[in-house]
Each structure stands twice: as structure tokens, then as C-alpha cells.
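Residue numbers (my numbering): 471 to 905. The C-beta atom is built at its ideal place from N, Cα and C for all residues, glycine as well. Quick caveat: nothing in here was measured; it's all calculated off a predicted structure.
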Amino acid sequence: MFNAIHIIYSLMRYLFLVTCLIFCLACQEAVPPARSFDGEVLVGLLHSRTGTLSISENTVAEAELLAISEINMAGGLMIDNKRLRIVAVEEDGESDWPTFAQKAEKLIDVSKVEVIFGGWSSSSRKAMLPVIESREHLLFYPLQYEGEECSDYVFYAGATPNQQAGPAIDWLLQNRGDRFFLVGSDYVYPHTVNRIISRQVLRAGGTIVAERYVPLGDQNLTETVQAIKTALPEGGVIINTINGDSNVAFFQEASALGVTPEHNYTVMSFSVSEEEVNAIGAHYLEGSLATWNFFQAIETPASKSFTSNFKAMHGVHRVTNDPAEAAYTMVHLWAQAAARAGSTSPDRVREKLIGTTFDAPHGRVEVAKNHHLRKRAYIGEVQSDGQFSVVFDAGVIEPRTWSQLLPANEGYRCDWTQSRPDAARFYSDEQDVGP
Numbered sequence: 471m472f473n474a475i476h477i478i479y480s481l482m483r484y485l486f487l488v489t490c491l492i493f494c495l496a497c498q499e500a501v502p503p504a505r506s507f508d509g510e511v512l513v514g515l516l517h518s519r520t521g522t523l524s525i526s527e528n529t530v531a532e533a534e535l536l537a538i539s540e541i542n543m544a545g546g547l548m549i550d551n552k553r554l555r556i557v558a559v560e561e562d563g564e565s566d567w568p569t570f571a572q573k574a575e576k577l578i579d580v581s582k583v584e585v586i587f588g589g590w591s592s593s594s595r596k597a598m599l600p601v602i603e604s605r606e607h608l609l610f611y612p613l614q615y616e617g618e619e620c621s622d623y624v625f626y627a628g629a630t631p632n633q634q635a636g637p638a639i640d641w642l643l644q645n646r647g648d649r650f651f652l653v654g655s656d657y658v659y660p661h662t663v664n665r666i667i668s669r670q671v672l673r674a675g676g677t678i679v680a681e682r683y684v685p686l687g688d689q690n691l692t693e694t695v696q697a698i699k700t701a702l703p704e705g706g707v708i709i710n711t712i713n714g715d716s717n718v719a720f721f722q723e724a725s726a727l728g729v730t731p732e733h734n735y736t737v738m739s740f741s742v743s744e745e746e747v748n749a750i751g752a753h754y755l756e757g758s759l760a761t762w763n764f765f766q767a768i769e770t771p772a773s774k775s776f777t778s779n780f781k782a783m784h785g786v787h788r789v790t791n792d793p794a795e796a797a798y799t800m801v802h803l804w805a806q807a808a809a810r811a812g813s814t815s816p817d818r819v820r821e822k823l824i825g826t827t828f829d830a831p832h833g834r835v836e837v838a839k840n841h842h843l844r845k846r847a848y849i850g851e852v853q854s855d856g857q858f859s860v861v862f863d864a865g866v867i868e869p870r871t872w873s874q875l876l877p878a879n880e881g882y883r884c885d886w887t888q889s890r891p892d893a894a895r896f897y898s899d900e901q902d903v904g905p
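Here you go:
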């Protein structure tokens with residue numbers, strides 16, 4: 471009996487060792503050996519790996535690591551007939567705006583990175599902006615944001631308001647009602663985008679019944695949800711621009727107090743994706759809506775490949791989302807522009823980015839003259855499995871930096887191909903498409 475057990479144990483141990491050997495050989499074949507590269511190029515990844523926004527930003531950083539891995543697996547960057555391996559230097563923004571500025575300085579001045587991929591909130595971007603501009607460096611920002619900014623040293627991979635809020639509000643007015651409650655986190659993006667939304671709703675004859683903001687990280691949302699019920703006793707439309715883990719408390723409290731689709735409430739979120747649904751619990755969000763430029767459920771070969779590769783790298787239980795797709799896309803755009811420039815220096819790459827295209831998971835994108843992306847917009851509804859079902863496709867939309875819904879912006883645009891000192895904001899009779 472002992473001998474039989476010993477034989478079985480030895481056989482299992484042998485099979486385990488053979489499996490490990492095969493796995494190691496496969497890994498060695500999949501990852502090009504260091505000697506196949508002629509050098510390295512350092513890039514900075516700066517996201518909140520800790521703090522209230524880490525619930526969202528971890529996925530963004532992981533998508534950037536996936537893109538870097540793919541480029542290296544394909545042979546790296548070819549610059550001056552040399553193959554360069556891309557090496558990520560990561561820093562943690564800690565969900566704290568001054569920390570983002572400090573870490574951006576460290577990445578540029580100490581680590582000597584050629585580009586920074588970073589940020590989530592507009593406050594984090596605005597904290598980094600003086601650092602980036604004073605050094606004439608390069609920042610890629612992956613999130614949808616409020617617009618009202620156009621820097622020569624920043625490339626914005628997320629949506630402008632007319633690529634997210636605009637089509638969402640039009641669809642809601644036509645399909646869900648004209649009475650709106652605006653709730654968001656208390657920082658730059660929610661305040662500014664709600665000013666734009668208010669103009670759009672009022673212009674269409676709708677009503678903003680109330681507007682309320684909560685501190686980032688706030689976990690006591692009972693009064694906020696009760697205020698929604700008081701302002702919309704018969705139901706209505708709720709525009710949710712809450713960010714980070716406060717969304718957990720918001721949707722749990724909304725469910726408890728009956729602010730749900732069954733009671734004629736439509737919640738449209740601008741910062742809730744598959745990642746947040748997964749963390750909160752799909753049963754709290756089922757039937758609510760979100761507007762993005764990408765959903766994991768989009769059925770394109772590029773989308774399926776992106777999600778499959780992300781899961782293979784970071785875990786089969788993981789999900790992809792719009793910010794991750796935008797982050798993944800912007801790494802590939804930077805690499806393409808660097809190859810075209812024949813250099814990784816920020817000034818040379820910046821010159822080549824406008825007009826660069828990439829077949830992103832959600833569809834083809836192109837870097838426009840205002841350093842934003844031409845991209846599609848979608849509205850999705852949360853399903854019981856935590857995924858979104860696309861209910862509306864707004865098509866490809868031209869990015870507008872200066873919202874034409876705000877009177878002070880009427881006629882103003884940004885165009886970095888113009889040789890003029892006010893290229894970031896100047897008046898022109900030539901109008902871009904969209905509000």
C-alpha cells in the first residue's frame with residue numbers, strides 16, 4: 471500500500487515538474503529575450519493605486535501595462551533601426567491631487583521618462599498640468615472630462631462633453647423624461663459638465679429640479695438619495711457624476727429607498743463602468759444606464775481580443791471598461807507616433823500625433839487637431855450579469871474642447887496646427903460639428 475502511494479506521489483510530482491517546465495518554455499518563447507532589444511525607453515504610469523479612486527484607476531494602469539506588453543511582444547519600438555523595449559515606471563497618485571503633481575515631477579526629473587500616461591479625476595490632471603507644461607513634456611489623459619481645456623502638451627483620450635453628455639441628454643429627453651436631478655462628486659468635472667448639461671436641458675424645454683454634490687470618498691449618501699426622492703416624488707431622470715467608491719454607497723442607498731427603475735427612476739451614470747458594477751454588485755444597478763465610448767459587450771474582433779488579452783494578463787475574473795480601453799488605446803497611439811517620428815523625445819512625438827489613427831477595441835479613433843480623439847459614443851443598460859447591453863449608438867463624434875452650449879465659448883475652438891499664439895482658444899467662423 472505504501473509503495474503504491476509512493477509511486478502515485480512520484481508520478482504526480484513528475485507530471486507537475488513537466489508541466490512547470492512546459493509553462494516556463496512557453497513563457498520564454500512568448501517574451502522576447504532582453505538581448506533581442508538594442509535599448510530601453512522609459513514611460514511613466516501615474517494612477518491612484520490606493521485611496522478612494524483606486525477602485526477605478528487600477529484597471530486603467532493594468533490596461534496600459536497590457537498595451538506595453540503587446541508592443542514589446544511585437545518587437546518593441548523601432549527607432550533609428552534600433553529595437554527599444556518599453557519599460558513602465560509606475561508611481562501612485564494616492565487619490566491626492568498634490569501627490570499627482572509631486573509624482574509627475576519625480577517621473578520627469580528623476581526617472582527621466584519620455585511620456586506620462588496618467589490621471590483619473592480632472593483635479594489630478596490639473597495638478598499635473600503646470601508640471602507638464604513647464605517642462606514641455608507629454609501627458610496622455612485617459613478619462614472623459616469636462617472640456618474647457620486645450621493644452622499643447624496633453625493628449626486627451628477620453629470623451630469631451632459633446633461626445634458623452636450631449637448624446638446622452640438628447641436620448642434621455644426623447645426616451646425617459648424632461649425632469650432632471652444632478653448629483654455628483656464635489657470637484658471640477660461634475661460641476662463643469664453639469665453647467666453644460668443644464669444649458670442643454672433648459673434649451674430643450676426640460677427642468678433641472680435640483681443639483682447636489684458630495685465629497686469624494688463620502689460613504690453616507692442617505693440624505694442625498696432622500697433629497698432625490700423629495701425633488702422627484704413621481705420618478706424622473708438622475709444624472710450621476712459621482713466618482714470612486716462613493717458610488718457603492720449611492721447605489722446601495724438608492725436600492726434601499728426605492729430610487730430604482732421599478733419606481734420610474736432612470737439613473738444615467740457618467741463614471742460607472744463594468745469595473746464599478748462588478749465592485750458594487752449588479753443587482754444594485756440592474757436597469758440603470760451609463761454612457762461611454764466603449765463597453766466590454768461590444769461585438770468587434772478588436773474588442774474581444776482586448777478583453778481576452780486583459781483577462782489572460784490580469785485574471786479571468788476581471789472585466790474591461792471604457793477608461794481601460796482609452797488608456798490602452800493611448801499607449802498604442804503614442805507608440806505609433808514615436809515610430810513615425812523616429813524618436814521618443816516629447817517634442818518630436820507631439821508633432822506626429824495629430825492625424826494618427828488606431829483601430830481601437832470600440833472602433834477606429836483619430837487624433838484631432840485639438841489633441842482629442844474622434845470616437846463613437848454609446849449608451850448601455852446594466853444587465854443582471856454585470857455587463858451592459860448597448861441601447862443606443864450615436865456614431866462617431868468630432869471632439870469639441872470649448873462647449874458651444876456655454877455662451878462664453880460660442881465660436882471659439884482649439885487647433886494646434888495653427889501657427890498662432892492663441893491656438894488653444896481662438897474665435898473662428900469655421901465651426902466644428904456638434905455642441
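The beta strand (DSSP E) that contains residue i, what's its start and end?
i	result
H517	G509 to H517
S739	Y735 to S739
S859	F858 to I867
V837	G833 to V837
G706	G706 to T711
E756	Neither: E756 is in no beta strand (DSSP E) and is coded neither H nor E.
V583	V583 -> no beta strand (DSSP E), and no H or E assigned at all.
D715	Where D715 is concerned, there is no enclosing beta strand (DSSP E), given that its DSSP letter is neither H nor E.
T827	T827 to A830
Under the rule that 16 or more other beta-carbon atoms within 10 Å means buried, what is residue i, buried or exposed?
i	result
D656	exposed
H733	exposed
R846	buried
V501	Caution applies to V501, whose pLDDT of 44 falls short of 50 and renders its modelled position unreliable; the value that the coordinates give is listed next. Exposed, since its Cβ has fewer than 16 Cβ neighbours within 10 Å.
A894	buried
Q644	exposed
S506	exposed
S889	exposed
With DSSP as the reference, identify every bridge partner of residue i, one or two as the case may be.
i	result
W762	Y848
A797	Per DSSP, none; premise fails for A797.
H842	Y626
S725	Answer is none; S725 lacks a bridge partner.
E821	BP columns for E821 are empty, so no partner.
A805	According to DSSP, which records beta bridges pairwise, A805 is partnered with nothing at all.
L547	L554
A767	A767 pairs with nothing; no bridge assigned.
E560	L515
L609	I586 and V624
Just reading off the alpha helix (DSSP H) that residue i is part of, what are its end residues?
i	result
F780	P771 to H784
A698	Inspection of the sequence shows that residue 698 is occupied by Ile rather than by Ala. Per DSSP, I698 belongs to the alpha helix (DSSP H) from T692 to A701.
G812	Where G812 is concerned, there is no enclosing alpha helix (DSSP H), given that its DSSP letter is neither H nor E.
R682	First-last for R682: T677 to V684, but that is the beta strand (DSSP E), not the alpha helix (DSSP H).
I538	S524 to M543
G571	This sequence places Ala at residue 571; Gly is not what is there. Counting along the chain, the alpha helix (DSSP H) containing A571 begins and ends at W567 to D579.
V747	E744 to I750
A597	S592 to S604
Report the rounded CA-to-CA distance for residue i versus residue j, giving the unit in angstroms.
i	j	result
G904	I867	A caution first: G904 carries a pLDDT of 41, below 50, which makes its placement in the model unreliable, though a value can still be read off. Roughly 7 Å separates the two Cα atoms.
H841	Y626	6 Å
E819	D508	The displayed chain sequence assigns Val, not Glu, to residue 819. If you take the alpha carbons of V819 and D508, they lie about 20 Å apart.
F896	A805	30 Å
E561	F570	9 Å
Y735	T814	50 Å
I708	L759	10 Å
D863	P877	28 Å
T522	S593	14 Å
A558	L515	7 Å
D648	V530	34 Å
R682	N779	40 Å
V737	Y848	15 Å
T827	R844	9 Å
I492	P771	Residue placement at I492 is poorly supported in this model, since its pLDDT is 39, which falls under 50; the coordinates still yield a value, given next. Rounded to whole angstroms, I492 to P771 spans 29 Å at the Cα level.
A496	E744	Any reading at A496 must be qualified, since the residue scores a pLDDT of 41, below 50, and its modelled position is unreliable; the value itself is stated next. C-alpha separation (whole angstroms): 32 Å.
M800	S604	22 Å
D892	D829	32 Å
L577	V695	41 Å
L609	A811	17 Å
R788	G545	27 Å
N551	E584	19 Å
G833	F858	17 Å
N632	G617	9 Å
N763	V852	15 Å
G856	G654	22 Å
E564	D899	44 Å
Check whether the Cβ of residue i lies closer than 8 Å to any Cβ atom in chain B.
i	result
V707	Although the question refers to chain B, the structure presented lacks it and comprises just one protein chain.
Does the beta-carbon of residue i, which I'm using as the reference point, lie nearer than 7 Å to any heavy atom of the ligand ZN?
i	result
V513	As far as ligands go, the structure on display features none, and thus does not contain the ligand ZN.
*Any chance you could list the beta strand (DSSP E) runs of at least 3 consecutive residues sitting entirely within the stretch 615 to 661, in chain order?*
624 to 626 and 649 to 655
*asked:* What ranges does the beta strand (DSSP E) occupy inside the stretch 878 to 905, keeping only unbroken runs of at least 3 residues that lie completely in it?
replied: none
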